[in-house]
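Engineer: Residue numbers (the numbering used here): 494 to 719.
Just dropping this structure here.
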């Protein structure tokens, strides 16, 4: 039986040493082939559209065009693209920004080689990947931030606002939500900002927690909403 084709990966980071380290860690696994590299978001967008790797592993903070903007534009132009964002930050708002931009995963840079490879495999197989540390932080925030559930009732939202929020809270990107609603990603972002103001949330992560606590994702869990 022949071996399966390797997962093709593009590595994007503005530090050459970081790119070299990522390449070594990924290719040592024997399951992954690094087929392209880029040093900024603008170059990453151009090369990714040309090479079309299975997964783009991309830093968030870079010159010329940052990783979030590059990810957002790549998903808008090539929706089937899979991006794993890497950063030193574990802030929940950064995670939410990455998911909103269309990333399939979010991994901290101090992750070990095995965790990195596992994350790339998850993303290649179209599974949302978030590290255990970040998941623990989400639950910690839910436990300690009781005020996040006591803003305004969900009934204040219009049907369109409710649908937009449910899709966002379930991990859909601005581009995906926009496509389903016949809008632009900018319209989706502005609508979420209005929802945030309407319910009194201070950040996108508070808004997501509020949506979960209000039971707005129950329809998704029950298979009633895609």
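Built from N, CA and C at the ideal position, the CB exists for glycine as well.
Quick one: what does DSSP say residue 523 is sitting in, helix, strand or coil?
Structural biologist: Reduced to three states, the DSSP call for residue 523 is coil.
Engineer: Where DSSP assigns a beta bridge to residue 598, which residues make up the other side?
Structural biologist: Answer by DSSP bridge pairing, in chain order: 577 and 622.
Engineer: For residue 531, does the three-state DSSP call read helix, strand or coil?
Structural biologist: In the structure shown, residue 531 sits in a strand (DSSP, three-state: E or B).
Engineer: Can you give the Cα-Cα distance for residue 644 and residue 518, rounded to whole angstroms?
Structural biologist: The predicted position of residue 644 is uncertain, since its pLDDT is 46 and thus under 50; a value taken from the coordinates is nonetheless stated next. Near 45 angstroms, if we compare the C-alpha coordinates of residue 518 and residue 644.
Engineer: Residue 616 and residue 524: beta carbons closer than 8 angstroms?
Structural biologist: No, these two residues do not count as a Cβ contact at 8 angstroms.
Engineer: Straight-line CA distance for residue 538 to residue 692?
Structural biologist: Their Cα atoms are separated by approximately 36 angstroms.
Engineer: Buried or exposed: residue 660, going by 16 or more other Cβ atoms within 10 Å of its Cβ?
Structural biologist: Buried, since its Cβ has 16 or more Cβ neighbours within 10 Å.
Engineer: Which stretch, first to last residue, makes up the alpha helix (DSSP H) that contains residue 553?
Structural biologist: Looking at the DSSP string, residue 553 is not in any alpha helix (DSSP H), and its letter there is neither H nor E.
Engineer: Within the same chain, show all residues whose beta-carbon is closer than 6 angstroms to that of residue 580, passing over the 5 residues directly before and after it, in chain order.
Structural biologist: So the list reads 553, once near-sequence residues are dropped.
Engineer: Which runs of the alpha helix (DSSP H), 4 residues or longer, sit entirely within the region 656 to 712?
Structural biologist: The qualifying runs are 667 to 674, 678 to 692 and 697 to 706.
Engineer: Residue 535 to residue 677, Cα distance in whole Å?
Structural biologist: Roughly 21 angstroms separates the two Cα atoms.
Engineer: Kindly give me the distance between the Cβ atoms of residue 546 and residue 503, rounded to whole angstroms, as I take these residues to be in contact under 8 angstroms.
Structural biologist: Right, the Cβ-Cβ distance comes to about 4 angstroms (below 8 angstroms), so this counts as a contact.
Engineer: Grab the span of the beta strand (DSSP E) containing residue 505 for me, first residue to last.
Structural biologist: Where residue 505 is concerned, the enclosing beta strand (DSSP E) stretches over 500 to 505.
Engineer: In whole angstroms, what is the alpha-carbon distance linking residue 701 and residue 689?
Structural biologist: Between residue 701 and residue 689, the C-alpha separation is close to 10 angstroms.
Engineer: Please state whether DSSP places residue 558 in a helix, a strand or coil.
Structural biologist: Three-state DSSP puts residue 558 in coil, outside helix and strand.
Engineer: Taking the beta carbon of residue 621 as the centre, do at least 16 other beta carbons fall within 10 Å, making it buried, or is it exposed?
Structural biologist: Burial call: exposed.
Engineer: In whole angstroms, what is the alpha-carbon distance linking residue 501 and residue 533?
Structural biologist: Distance between the alpha carbons of residue 501 and residue 533 is about 19 angstroms.
Engineer: State the start and end residues of the unbroken alpha helix (DSSP H) segment that holds residue 612.
Structural biologist: First-last of the alpha helix (DSSP H) with residue 612: 606 to 617.
Engineer: Check each candidate in 658, 685 and 682 and name the one with the smallest Cα separation from residue 706.
Structural biologist: Cα-wise, what sits closest to residue 706 is 658.
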